[in-house]
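Single-structure report; data block below.
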Amino acid sequence: MNTKLKEHAIPLQQSQEPLLKVQNLKKYYPIKKGIISRTVGHVKAVDGLNLDIYPGETVGLVGESGCGKSTTGRAIIHLDPPTAGKVIFKGKDLSTLTGPELRKTRTDLQIIFQDPYSSLNPRKRIGDLLAEPLIHHKLASGDEVHRKVDEMLEIVGLTKFHRNRYPHEFSGGQRQRVGIARALILNPQLIVCDEPVSALDVSIQAQVLNLLKDLQKEFKLTYLFIAHGLGAVKYISDRIAVMYLGKIVELAKTEDMFKNAKHPYSQVLLNAYPIPNPHKRNRDRLVIEGDVPSPANPPKGCSFHTRCPFAQKICSEQTPELAGEDHLAACHFPLS
Ligand code: SF4
Numbered sequence: 481m482n483t484k485l486k487e488h489a490i491p492l493q494q495s496q497e498p499l500l501k502v503q504n505l506k507k508y509y510p511i512k513k514g515i516i517s518r519t520v521g522h523v524k525a526v527d528g529l530n531l532d533i534y535p536g537e538t539v540g541l542v543g544e545s546g547c548g549k550s551t552t553g554r555a556i557i558h559l560d561p562p563t564a565g566k567v568i569f570k571g572k573d574l575s576t577l578t579g580p581e582l583r584k585t586r587t588d589l590q591i592i593f594q595d596p597y598s599s600l601n602p603r604k605r606i607g608d609l610l611a612e613p614l615i616h617h618k619l620a621s622g623d624e625v626h627r628k629v630d631e632m633l634e635i636v637g638l639t640k641f642h643r644n645r646y647p648h649e650f651s652g653g654q655r656q657r658v659g660i661a662r663a664l665i666l667n668p669q670l671i672v673c674d675e676p677v678s679a680l681d682v683s684i685q686a687q688v689l690n691l692l693k694d695l696q697k698e699f700k701l702t703y704l705f706i707a708h709g710l711g712a713v714k715y716i717s718d719r720i721a722v723m724y725l726g727k728i729v730e731l732a733k734t735e736d737m738f739k740n741a742k743h744p745y746s747q748v749l750l751n752a753y754p755i756p757n758p759h760k761r762n763r764d765r766l767v768i769e770g771d772v773p774s775p776a777n778p779p780k781g782c783s784f785h786t787r788c789p790f791a792q793k794i795c796s797e798q799t800p801e802l803a804g805e806d807h808l809a810a811c812h813f814p815l816s
């Protein structure tokens with residue numbers, strides 16, 4: 481972890497207003513059946529998610545595939561607008577913005593996708609792909625567009641000579657650098673990084689993570705960093721939020737999460753994280769069985785109770801609140 485950044489981020493959390501407030505966010509997808517496509521239910525991909533993100537910090541959002549973390553990221557920036565709930569950015573509810581205010585906010589909130597290849601139009605040159613958002617948002621014209629594109633290519637570790645190449649001429653790591661440049665060229669404040677290193681070779685992952693950390697420092701960026709593996713999240717995040725079936729079940733500073741996870745599901749994820757020191761490997765392993773329940777029909781009470789080894793009667797009856805001060809967990813019997 482970059483200690484300078486970490487020291488910078490934690491006091492900000494205590495003294496500043498959140499840059500982004502997510503309140504009771506829901507994203508439901510209808511399940512249609514029959515000739516007239518009648519709605520027979522909903523897949524509750526995100527189901528009542530609350531999260532504050534402070535300026536300059538990185539919040540890691542982790543969980544198994546299908547837990548709703550990518551949907552959360554897309555709903556937050558209104559790429560896929562939420563079904564219900566509020567996203568408040570710099571004190572303003574995104575759903576109420578219109579006209580120039582909405583356009584400005586769109587530039588402030590950007591996303592880096594997991595698969596840079598499918599997010600870049602293969603028929604366009606990199607220079608054109610980077611110029612597009614500048615021209616669309618009327619942030620530059622004429623020679624200034626070329627100047628900004630060249631500058632951005634150098635910032636992400638490419639050169640102006642890459643401007644005339646097509647996406648297929650780049651390696652995976654280079655393409656992700658282009659994806660980062662495309663997000664950064666609009667000078668955003670918050671970037672949703674949606675599994676940006678999952679599709680890359682391990683050796684390239686470290687380079688991209690270091691680039692993201694350097695850019696955060698240089699441009700005072702705030703990240704929501706989505707991943708299913710804890711390695712990258714531990715390296716880059718100030719705080720970690722663990723998601724299960726559309727809800728955050730635990731939220732804590734990275735160090736606290738790794739030393740003292742309170743929710744049984746977080747502990748299961750941590751158990752899957754490899755420990756390099758063989759002398760520390762003899763910790764108690766928490767094992768769970770069964771599959772993740774369907775988000776179309778999530779269990780009542782604590783949604784983890786069907787798999788939790790500590791479940792008691794109350795767990796299937798009452799939904800635990802995400803409670804605590806600095807370290808929050810949604811569990812009737814948090815681990816000590
Ligand atoms: Fe397990 Fe009960 Fe805690 Fe849910 S509330 S995680 S079922 S102990």
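Be aware that the sequence shown starts at 481, since it is given in my numbering, and climbs by one per residue.
The beta carbon of each residue, even a glycine, is placed where N, CA and C say it ideally should be.
Please read these numbers as outputs of a predicted model, since none were measured by experiment.
Straight-line gap, residue 689 to residue 633 (C-alpha atoms, nearest Å):
17 Å
Can you tell me where the beta strand (DSSP E) holding residue 540 begins and where it ends?
538 to 542
Burial state of residue 550 (16 or more Cβ within 10 Å):
buried
Sheet register partners of residue 518 (DSSP bridge):
DSSP output for residue 518 lists 513 as bridge partner(s).
Do residue 568 and residue 660 count as a contact pair if the criterion is CB distance below 7 Å?
no
Just to check, is the beta-carbon of residue 732 closer than 6 Å to a non-hydrogen atom of ligand 1?
Not so, every heavy atom of ligand 1 lies at least 6 Å from the Cβ.
Is residue 616 near ligand 1, judged by its Cβ being under 6 Å from some heavy atom?
Because no heavy atom of ligand 1 lies under 6 Å away, the Cβ of residue 616 does not count as near it: no.
Chain-order list of residues whose beta-carbon lies under 6 Å from that of residue 800 (same chain, five-residue window excluded):
782, 810, 811 and 812
I think residue 653 touches residue 629, with their Cβ atoms under 8 Å apart; what is that distance to the nearest whole Å?
Their Cβ separation, rounded to whole angstroms, is 20 Å, which puts residue 653 and residue 629 out of contact at 8 Å.
Residues with a Cβ closer than 5 Å to any heavy atom of ligand 1, in chain order?
Applying a distance threshold of 5 Å between residue Cβ atoms and the heavy atoms of ligand 1 selects 744, 782, 784, 785, 788, 790, 791, 795, 800, 811, 812 and 813, given in chain order.
Best match in 701, 648 and 716 for proximity to residue 824 [C-alpha to C-alpha]
Past the edges of the chain, shown from 481 to 816, lies residue 824, and the structure says nothing about it.
Three-state secondary structure (DSSP) of residue 812
coil
In whole angstroms, give me the CA-to-CA distance for residue 501 and residue 562.
14 Å
For residue 778, which residues of its own chain have a beta-carbon under 8 Å away from its beta-carbon, when the five flanking residues on both sides are left out?
524, 527, 725 and 726
Quick check: the region 789 to 806 against the region 551 to 561, are there 3 or more CB pairs under 8 Å?
As far as the Cβ criterion goes, the region 789 to 806 does not touch the region 551 to 561, which means the pair count is below three.
Rank 597, 618, 676 and 598 by C-alpha distance to the C-alpha of residue 583 and give the top, closest one.
618
Helix, strand or coil for residue 762 per DSSP?
Here residue 762 scores only 48 on pLDDT, less than 50, and its place in the model should not be relied on; the value that follows carries that caveat. Coil at residue 762, not helix or strand.
Which residues does DSSP list as the beta-bridge partners of residue 523?
509
Using a Cβ-Cβ cut-off of 6 Å (strictly less than) and excluding sequence neighbours within five positions of residue 762, which residues of its own chain qualify?
A caution first: residue 762 carries a pLDDT of 48, below 50, which makes its placement in the model too unreliable to give a value.
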